[in-house]
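To start, the structure under review is shown below, and the notes come after it.
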Amino acid sequence: MSQLRYALYTGCTAKESTPELLSSTLAAAKKLDIELTILEEASCCGASHLQDFDPFLSHVLNARNICYAEKLGLTMVTLCNTCQINLAMTKEKLDHDADYRAKVNEKLAEVGLEYQGSVEIKHFLYALIDDFGLENIKSKVKVPLSNFNIAPFYGCHNIRPSELHHKSNGGENPYNPTSLDRLIDALEGHPVNYSSKNKCCGFHVDLQAPHTSNALTGTALLDAIDNNADVVVTPCPLCHLNMDIKQRGAGKQAGRDISIPVLHMPQMVALALGCTYEEIGLKYHVSNAKKVFAQATK
Amino acid sequence: MSNTKKITIKAFRFNAETDYLPYYKNYEMEVGKDELVLDLLNRIKWEHDGSFSYRRSCRHGICGACGIKVNGKPVLSCKQNAMELIELFGDELTFEPQSKKRAIKDMIIDKGDFWEKHATIKPFVEGNIDEHPVHETKMSKDEVENILDADYCIQCGNCHYACPALEVNEQYFGPAAFVAAYRFTVDPRDNAGKERLEMTSQIGPGVWDCVKCFECAEACPKDINPIEKITKLHNLQFEQNVAQRNVATKHAEGFVRSIKKHGFLDEADIVKYSEGNIGVLKHLGDAIAMMKAGKIHITDQIPFVDNMPKSKNLDEIKKLIKISQTNKL
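Protein chains in written order, with the working numbering: chain A, 17 to 314; chain B, 520 to 848.
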């Protein structure tokens with residue numbers, strides 16, 4: 017297999033509150049000999065909120081982000097479900113509405129850029145599964161995750177709306193997604209089947225509707241716990257923020273203690289590939305995740 | 520290859536008049552490749568148990584009566600092929616009502632909350648319309664296109680009962696009511712647009728409580744994409760100066776403020792900006808826990824100390840915001 021090369025759109029959280037996401041992604045990619053070029057020019061995707069305020073501005077800024085991957089001629093990979101959906105929705109709009117694309121390109125021309133629609137955008141999860149391949153990952157496993165029942169939490173924006181993700185982003189059925197389950201299987205962990213795995217974590221209303229957010233996060237975590245999960249894993253750092261940081265608040269609202277380590281998808285891969293404790297970045301978790309490293313290597 | 524498949528249907532059974540708790544009952548049957556979920560509902564009733572209850576009427580995907588959930592997936596029974604579901608979920612299908620907590624009898628639910636919310640947003644044209652017109656009211660092509668596909672809603676309730684925000688917040692209008700609110704607000708004959716925008720801008724019942732899960736887009740049997748209309752309602756609030764300055768609107772607008780400064784979002788600043796200096800205090804517990812874990816730093820919010828990463832070519836971003844920003848709060 018020739019070396020896989022991608023333009024990496026890190027998103028904001030990987031550069032700020034979840035540094036463990038970036039370090040574990042880079043470490044896992046290195047182990048798999050995948051070349052990631054960080055798009056240092058990129059700006060925030062708007063996190064599904066900017067377009068509520070100003071849709072045109074959101075499209076212009078995301079078109080600019082895509083331009084930099086086009087300059088490299090590389091498929092763009094994302095580390096966050098919400099970055100993925102915002103960039104992919106911008107691409108969908110510009111690729112199918114020539115008049116609108118001309119309006120956006122008129123603005124981009126002012127800074128010497130032009131959106132061409134020449135590259136694909138996919139989440140790192142699907143680069144690993146569909147491009148690198150599960151069999152190839154399986155052959156590189158150094159630390160089988162056989163000590164863990166792992167609950168996959170898919171995150172809305174990688175699986176819905178389904179048509180958006182059909183072409184290059186996994187093409188999962190949102191009512192029965194399988195990618196994370198198959199990945200856990202390839203890393204020799206035990207995937208947990210539970211009904212909340214394809215549900216919403218509530219992150220996007222954290223500020224204005226904390227009751228809703230806590231209820232959704234709490235329900236999902238308790239569902240995982242009640243189905244004997246030792247660890248939850250998610251490809252989305254926003255789900256991760258809610259599920260890692262809000263365990264106390266969500267548990268208080270639900271009237272039950274919630275304590276379970278929540279890993280980013282690349283952390284789980286890095287752990288199984290034998291990356292170091294520092295690279296996996298388990299110290300950056302609010303939930304009790306440090307123990308996972310010792311348990312894995314036991 | 521055989522054109523039929525033997526399956527087990529696990530059906531939710533409940534009679535609010537006699538049962539304390541719901542239960543599930545299994546029905547085994549051979550399913551043909553052309554059978555619809557409605558055919559299977561009929562066969563449970565006609566071949567197994569005459570007391571099994573469900574709503575059905577037109578059988579043509581237009582009356583909106585026969586919505587149920589199969590293995591959690593909202594379907595319109597008369598439109599959904601059963602074999603497709605067997606391919607997706609395997610040979611055990613679970614039939615449940617759209618909302619278990621609103622069940623009256625088996626698949627039949629009390630849809631009162633749906634109709635009440637739908638009626639509240641005025642799902643009709645309100646205006647001074649001549650009772651004896653001499654010609655039809657003309658609409659331009661753009662005006663018609665602006666309604667999008669919002670007119671195709673059949674009020675089946677699939678999106679409403681798929682919405683997780685509504686599941687935990689009973690005052691929330693829900694996606695179907697928002698589709699109707701959008702449809703009539705952009706109708707050029709209508710005068711109640713501002714009233715609807717005000718109603719749907721309130722925190723609690725309004726669009727700001729949408730969790731952005733896209734369950735509604737997936738659930739709609741008419742492919743209407745309700746969340747697209749929810750976004751349009753957000754946009755109309757700013758365009759028509761209905762948006763109030765509150766935590767939610769400041770949060771949406773705050774992205775511009777951050778991106779202009781850093782390219783990236785300043786995660787700590789946007790919470791402080793949206794909540795205000797007093798409101799932000801309720802996040803103190805989480806902030807301390809995040810600080811302990813090294814996720815945020817004590818120096819993050821000290822003036823003149825700038826820990827923020829910056830996008831390369833930030834000048835381009837600043838210029839694009841200056842020339843492309845269309846809305847203001």
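Glycine is no exception: its CB is placed at the ideal position from the N, C-alpha and C atoms.
In this structure, how does DSSP classify glutamate 611 of chain B when only helix, strand and coil are distinguished? To locate residue 611 of chain B, count along the second sequence from 1; it is residue 92. Residue state, collapsed to three classes: strand.
Classify asparagine 244 of chain A: buried if its beta carbon has 16 or more other beta carbons within 10 angstroms, exposed otherwise. As a position in the first sequence, residue 244 of chain A is number 228, starting the count at 1. The residue is exposed, with fewer than 16 neighbouring Cβ atoms inside 10 Å.
Compare the C-beta of serine 793 of chain B against all C-beta atoms of chain A and say whether one is closer than 8 Å. Here residue 793 of chain B refers to the residue found at position 274 of the second sequence. Serine 793 of chain B counts as touching chain A.
With DSSP run on the structure shown, which of helix, strand or coil describes arginine 532 of chain B? Looking up residue 532 of chain B in the second sequence gives position 13. It is a strand residue.
Under three-state DSSP, which class holds arginine 578 of chain B? Residue 578 of chain B sits at position 59 when you count from the first residue of the second sequence. In the structure shown, arginine 578 of chain B sits in coil (DSSP, three-state: anything other than H, G, I, E or B).
Residues of the region 228 to 246 of chain A in Cβ contact with chain B at a cutoff of 7 Å, in chain order, please. Thr228, Ala231 and Leu232
Within the continuous beta strand (DSSP E) that includes phenylalanine 138 of chain A, where are the two ends? By one-based count along the first sequence, residue 138 of chain A stands at place 122. Here the sequence assigns lysine to residue 138 of chain A, which means phenylalanine is not the residue at that position. Lysine 138 of chain A -> beta strand (DSSP E) spans 137 to 139.
Taking cysteine 60 of chain A as the query, report the chain B residues whose CB atoms sit under 9 Å from its CB, ordered along the chain. By one-based count along the first sequence, residue 60 of chain A stands at place 44. Those are Phe774, Ser777, Ile778, His781, Gly782, Phe783, Leu784 and Ser830, listed as they occur along chain B.
Inter-residue Cα distance where the pair is asparagine 97 of chain A and glutamine 674 of chain B: One-based indexing of the first sequence puts residue 97 of chain A at position 81. One-based indexing of the second sequence puts residue 674 of chain B at position 155. Each residue's Cα considered, the two are about 31 Å apart.
What residue does the alpha helix (DSSP H) around histidine 770 of chain B start on, and which one ends it? For the purposes of this step, residue 770 of chain B is identified with residue 251 of the second sequence, where counting begins at 1. Start and end: 766 to 781.
Using beta-carbon positions only, say whether histidine 227 of chain A and leucine 37 of chain A come within less than 8 Å of one another. Locating residue 227 of chain A in the first sequence gives position 211, where the first residue counts as 1. Locating residue 37 of chain A in the first sequence gives position 21, where the first residue counts as 1. Taking 8 Å as the Cβ cut-off, histidine 227 of chain A and leucine 37 of chain A do not qualify as a contacting pair.
Rounded separation between methionine 626 of chain B and serine 843 of chain B - CA only: Here residue 626 of chain B refers to the residue found at position 107 of the second sequence. Here residue 843 of chain B refers to the residue found at position 324 of the second sequence. Straight-line Cα distance between these residues: approximately 50 Å.
For histidine 753 of chain B, return the contacting residues in chain A, with the cut-off set at a CB-CB distance below 7 Å. Reading the second sequence from its first residue, position 234 is the one you call residue 753 of chain B. Neighbours of histidine 753 of chain B on chain A, chain order: Asp68.
Is the shortest distance between the beta-carbon of asparagine 97 of chain A and the beta-carbons of chain B less than 8 Å? In the first sequence, residue 97 of chain A corresponds to position 81, counting from 1. No - not a single Cβ of chain B is within 8 Å of the one on asparagine 97 of chain A.
At the 8 Å Cβ level, is glutamate 662 of chain B part of the contact set with chain A, yes or no? The residue labelled residue 662 of chain B in the question sits at position 143 within the second sequence. So no, glutamate 662 of chain B is outside the interface.
Under 8 Å between C-beta atoms, does proline 193 of chain A make it to chain B? The residue given as residue 193 of chain A occupies position 177 in the first sequence. Closer than 8 Å: no.
Between glutamate 606 of chain B and asparagine 192 of chain A, what straight-line distance do the alpha-carbon atoms span, to the nearest angstrom? Numbered from 1 along the second sequence, position 87 holds the residue referred to as residue 606 of chain B. Numbered from 1 along the first sequence, position 176 holds the residue referred to as residue 192 of chain A. Going by the C-alpha atoms only, they are around 11 Å apart.
Beta-carbon proximity of valine 589 of chain B to phenylalanine 614 of chain B, cut-off 8 Å: Translated into the one-based positions of the second sequence, residue 589 of chain B becomes position 70. Translated into the one-based positions of the second sequence, residue 614 of chain B becomes position 95. Yes.
Considering Cα atoms alone, identify which of A:Phe148, A:Lys156 and A:Gly267 is closest to glycine 186 of chain A. Within the first sequence, numbered from 1, the residue matching residue 186 of chain A stands at position 170. Nearest option by C-alpha distance: A:Phe148.
Examine chain B for any beta-carbon lying closer than 8 Å to the beta-carbon of valine 208 of chain A, and answer yes or no. For the purposes of this step, residue 208 of chain A is taken as the residue at position 192 of the first sequence. No, valine 208 of chain A does not count as interfacial toward chain B.
With a threshold of 8 Å between beta-carbons, can tryptophan 727 of chain B be considered close to chain A, or not? Here the question's residue 727 of chain B lines up with position 208 in the second sequence. Yes - at least one Cβ of chain A is within 8 Å of the one on tryptophan 727 of chain B.
Might you give, ordered along the chain, the residues of its own chain that have their beta carbon closer than 8 Å to the beta carbon of cysteine 582 of chain B, omitting 5 neighbours on each side? One-based indexing of the second sequence puts residue 582 of chain B at position 63. Closer than 8 Å at Cβ, skipping near neighbours: Ser576 and Ile673.
Comparing the C-beta of arginine 80 of chain A with each C-beta of chain B, is any distance below 8 Å? For the purposes of this step, residue 80 of chain A is taken as residue 64 along the first sequence, with counting starting at 1. Yes, arginine 80 of chain A lies at the interface with chain B (some Cβ there is under 8 Å from its Cβ).
Sequence-distant residues of the same chain with beta carbon closer than 7 Å to isoleucine 54 of chain A, five excluded per side: As a working mapping, residue 54 of chain A is identified with position 38 in the first sequence. So the list reads Leu24 and Thr26, once near-sequence residues are dropped.
Using a beta-carbon distance below 8 Å, is isoleucine 276 of chain A in contact with chain B? Position 260 of the first sequence, counting from 1, holds the residue named residue 276 of chain A. Judged by the 8 Å Cβ criterion, isoleucine 276 of chain A is not in contact with chain B.
Restricting to Cα atoms, I'd like to know which of B:Pro593, B:Asn796 and B:Arg532 is closest to aspartate 568 of chain B. The residue you call residue 568 of chain B lines up with position 49 of the second sequence. Residue B:Arg532 is the option with its Cα nearest to aspartate 568 of chain B.
Which residues, in chain order, does the region 173 to 198 of chain A contribute to contact with chain B at a C-beta distance below 7 Å? Arg176, Pro177, Ser178, Asn189, Pro190, Tyr191 and Asn192
Tell me, which residues are paired with glycine 586 of chain B by DSSP? Residue 586 of chain B sits at position 67 when you count from the first residue of the second sequence. Bridge partners of glycine 586 of chain B: B:Leu595.
Excluding the 5 residues flanking proline 745 of chain B on each side, which residues of the same chain have their C-beta closer than 6 Å to its C-beta? The residue labelled residue 745 of chain B in the question sits at position 226 within the second sequence. Around proline 745 of chain B: Cys678, Pro694, Val698 and Cys735.
Minimum C-alpha distance to leucine 180 of chain A - residue among A:Gly128, A:Met17, A:Ile200 and A:Met105: Locating residue 180 of chain A in the first sequence gives position 164, where the first residue counts as 1. Out of A:Gly128, A:Met17, A:Ile200 and A:Met105, A:Met105 has the C-alpha closest to the C-alpha of leucine 180 of chain A.
Any idea what DSSP makes of alanine 812 of chain B, helix, strand or coil? On the second sequence, residue 812 of chain B is found 293 positions in, with the first residue counted as 1. If DSSP states are grouped into helix, strand and coil, alanine 812 of chain B belongs with coil.
Exposure of aspartate 805 of chain B, with buried meaning 16 or more beta-carbon neighbours within 10 Å: Numbered from its first residue, the second sequence carries residue 805 of chain B at position 286. Looking at its Cβ environment, which holds 16 or more other Cβ atoms inside 10 Å, aspartate 805 of chain B is buried.
With DSSP as the reference, label tyrosine 22 of chain A as helix, strand or coil. Numbered from 1 along the first sequence, position 6 holds the residue referred to as residue 22 of chain A. Note: tyrosine 22 of chain A maps to strand in three-state DSSP.
So is asparagine 81 of chain A buried or exposed if we call it buried at 16+ other beta carbons inside 10 Å? Sequence index remark: in the first sequence, residue 81 of chain A carries index 65 (1-based). By the neighbour-count rule (16 or more Cβ atoms within 10 Å), asparagine 81 of chain A is buried.
Closer than 8 Å, CB to CB, is methionine 809 of chain B near chain A or not? Counting from 1 along the second sequence, the entry for residue 809 of chain B is found at position 290. Chain A, which has a Cβ nearer than 8 Å to the Cβ of methionine 809 of chain B, makes this yes.
Among B:Gly773, B:Ile836, B:Ile666 and B:His637, which residue has its Cα nearest to the Cα of tyrosine 691 of chain B? Start at 1 with the first residue of the second sequence, and residue 691 of chain B comes out as number 172. It is B:His637.
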